[in-house]
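Top line first, the protein sequences correspond to chains G and W. Numbering-wise, the first sequence is residues 10 to 214 according to our numbering. Numbering-wise, the second sequence is residues 10 to 214 according to our numbering. Just so it is clear, CB atoms sit at the ideal spot from N, CA and C, and this is done for glycine as well. It should be emphasised that the depicted structure is a prediction, and the values quoted were computed from it without experimental measurement. Everything on this sheet refers to the single structure shown next.
There are 2 protein chains.
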Amino acid sequence: MVQTFLYRLLFFVVLMKEEVRILGVDDAPFSFEDESVMVVGVVMRAGSYVEGVLRSNVSVDGSDASEKLVEMICSSRFLSQLHAVLVDGACFAGFNVIDFQHVFEKTQIPIISVTRDEPDFEKIKTALKNRFKDWESRWEVLNKGSIWVMKTKYNPLYVRCVGVSESEAKEIIKLATIRGVLPEPVRMAHIIASGVVRGESYGKA
Amino acid sequence: MVQTFLYRLLFFVVLMKEEVRILGVDDAPFSFEDESVMVVGVVMRAGSYVEGVLRSNVSVDGSDASEKLVEMICSSRFLSQLHAVLVDGACFAGFNVIDFQHVFEKTQIPIISVTRDEPDFEKIKTALKNRFKDWESRWEVLNKGSIWVMKTKYNPLYVRCVGVSESEAKEIIKLATIRGVLPEPVRMAHIIASGVVRGESYGKA
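Following this line, the structure appears as structure tokens:
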């Protein structure tokens with residue numbers, strides 16, 4: 010485990026950038042009548058070439074997001090090649106909260122959450138209180154780790170990372186971004202999940 | 010209709026290649042117990058940037074492939090921007106045969122079928138005879154237009170096209186191919202359809 014992690018770090022440090030493999034993950038659109046929601050993962054070499062597509066399902070407002078994400082990563086043939094996991098936001102399928110610390114501990118792969126909208130924690134706390142008996146444990150997981158702002162050419166990104174430093178996370182995000190603000194693996198995961206469920210999607214970066 | 014077609018031709022002739030939009034389409038893996046099969050379309054700018062993902066469903070061994078493909082193309086927001094449709098093979102979901110002439114007439118967008126395996130028409134005819142009462146009409150559609158071989162750096166591609174000349178079809182295929190043999194929009198459609206249905210896919214070109 011430690012060896013694999015050191016290898017990854019070394020690999021990244023020597024900057025074989027075009028070989029860096031990143032998994033981007035996003036959930037599909039859903040309605041609250043649905044029981045489960047599709048989650049799509051896209052493995053890309055840097056931000057330019059898609060090597061694989063993964064799919065899982067998580068329950069709406071459930072508590073299986075972390076477990077399903079770990080399973081998706083660890084059961085993949087790409088596991089030993091992945092340098093980072095990029096996720097859009099901190100939850101799948103409503104308030105199915107992702108425990109980034111747990112996912113990193115289980116996979117030993119750095120995980121970075123990016124979002125274009127600044128999280129409104131007061132609003133989130135109120136929504137959790139109104140809808141969940143176990144709101145305190147969800148809130149606790151959501152509050153793990155600090156969120157920092159990354160400037161881009163366009164709008165800022167709100168980032169949280171586990172398993173890498175802020176500067177390394179910035180490097181990874183820059184490397185994976187072709188156009189606009191969102192890293193390509195996350196944009197691709199979004200466009201695929203959305204297109205497959207809705208019948209058509211188009212992806213602005 | 011004619012105007013749109015001429016515009017497309019002109020656009021391609023003046024070689025604004027990086028702006029050429031191509032739709033690649035492929036079906037998902039299925040078993041013969043399934044009633045319908047997912048078909049995925051990927052809109053790419055040349056072979057490099059995914060702009061949209063489309064999804065439809067066709068019936069296993071049915072007769073709705075052409076109609077569903079026309080619907081997918083014509084209902085898409087990308088319709089007026091598409092320069093060509095690339096399809097892997099001549100059928101979806103078993104022997105749900107695509108009538109390329111019909112699809113071109115309805116959409117006015119050139120359609121090109123590519124496959125890496127040389128079609129064995131004797132074997133196909135026997136399979137059709139054994140499985141379908143309406144084998145003759147399927148056979149007739151399958152035999153429309155001639156198949157020609159396109160040399161690549163690696164293995165040859167077997168190509169059929171309607172709405173463009175052989176040399177134009179070759180240009181479009183070259184433009185859309187990044188690595189290996191398969192044009193990128195078709196490789197992407199395959200990798201997405203397969204990954205979403207099976208849970209994991211990896212795409213060799």
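Cutoff 8 Å: residue i Cβ touching any chain W Cβ
i, result
"residue 211 of chain G", "yes"
"residue 96 of chain G", "no"
"residue 48 of chain G", "no"
Chain G within 8 Å of residue i, Cβ atoms only
i, result
"residue 59 of chain W", "yes"
"residue 140 of chain W", "no"
"residue 85 of chain W", "yes"
"residue 204 of chain W", "yes"
"residue 208 of chain W", "yes"
Continuous beta strand (DSSP E) stretch holding residue i: start and end
i, result
"residue 187 of chain G", "Premise fails: residue 187 of chain G is in no beta strand (DSSP E) and is neither H nor E."
"residue 209 of chain G", "209 to 211"
Residue from the options with nearest C-alpha to residue i
i, options, result
"residue 101 of chain W", "W/78, W/56, W/179, W/86", "W/78"
"residue 125 of chain G", "G/149, G/153, G/158", "G/158"
"residue 30 of chain G", "G/165, G/58, G/196", "G/58"
"residue 172 of chain W", "W/131, W/92, W/164", "W/92"
"residue 83 of chain G", "G/68, G/64, G/70", "G/64"
"residue 149 of chain W", "W/116, W/130, W/162", "W/130"
"residue 42 of chain G", "G/147, G/69, G/117", "G/69"
"residue 200 of chain G", "G/106, G/32, G/36", "G/36"
"residue 56 of chain G", "G/94, G/47, G/151", "G/94"
"residue 145 of chain W", "W/106, W/174, W/47, W/180", "W/106"
"residue 26 of chain W", "W/104, W/196, W/184", "W/184"
"residue 96 of chain G", "G/192, G/204, G/39", "G/192"
"residue 114 of chain G", "G/99, G/87, G/147, G/76", "G/76"
"residue 155 of chain G", "G/190, G/122, G/49, G/74", "G/122"
"residue 205 of chain G", "W/40, W/71, W/81", "W/81"
"residue 88 of chain G", "G/60, G/190, G/178", "G/60"
"residue 73 of chain W", "W/44, W/212, W/90, W/62", "W/44"
"residue 111 of chain G", "G/151, G/167, G/32, G/209", "G/151"
Counterpart residues of residue i in DSSP-defined beta bridges
i, result
"residue 148 of chain G", "DSSP, once it has assigned bridges, lists no residue as partnering residue 148 of chain G."
"residue 167 of chain W", "W/124, W/158"
"residue 47 of chain G", "G/66"
"residue 100 of chain W", "W/106"
"residue 35 of chain G", "G/49"
"residue 93 of chain G", "G/31"
"residue 56 of chain W", "Answer is none; residue 56 of chain W lacks a bridge partner."
Residue i: first and last residue of the uninterrupted alpha helix (DSSP H) it sits in
i, result
"residue 78 of chain W", "74 to 83"
"residue 138 of chain W", "130 to 140"
Interface flag, residue i vs chain C, CB-CB below 8 Å
i, result
"residue 76 of chain W", "Note that chain C does not occur in the displayed structure, where the protein chains are G and W."
With 9 Å as the limit, tell me which residues of the stretch 61 to 82 of chain G have their beta carbon closer than that to any beta carbon of chain W; keep them in chain order. Answer in chain order: 61, 62, 63, 64, 65, 81.
For the stretch 184 to 201 of chain W, which residues have a CB atom closer than 8 Å to at least one CB atom of chain G, in sequence order? Within the stretch 184 to 201 of chain W, the qualifying residues are 187, 188, 197, 200, 201.
Tell me which residues of the stretch 152 to 179 of chain W have at least one Cβ-Cβ distance to chain G shorter than 8 Å, keeping chain order. Per Cβ criterion, the list is empty.
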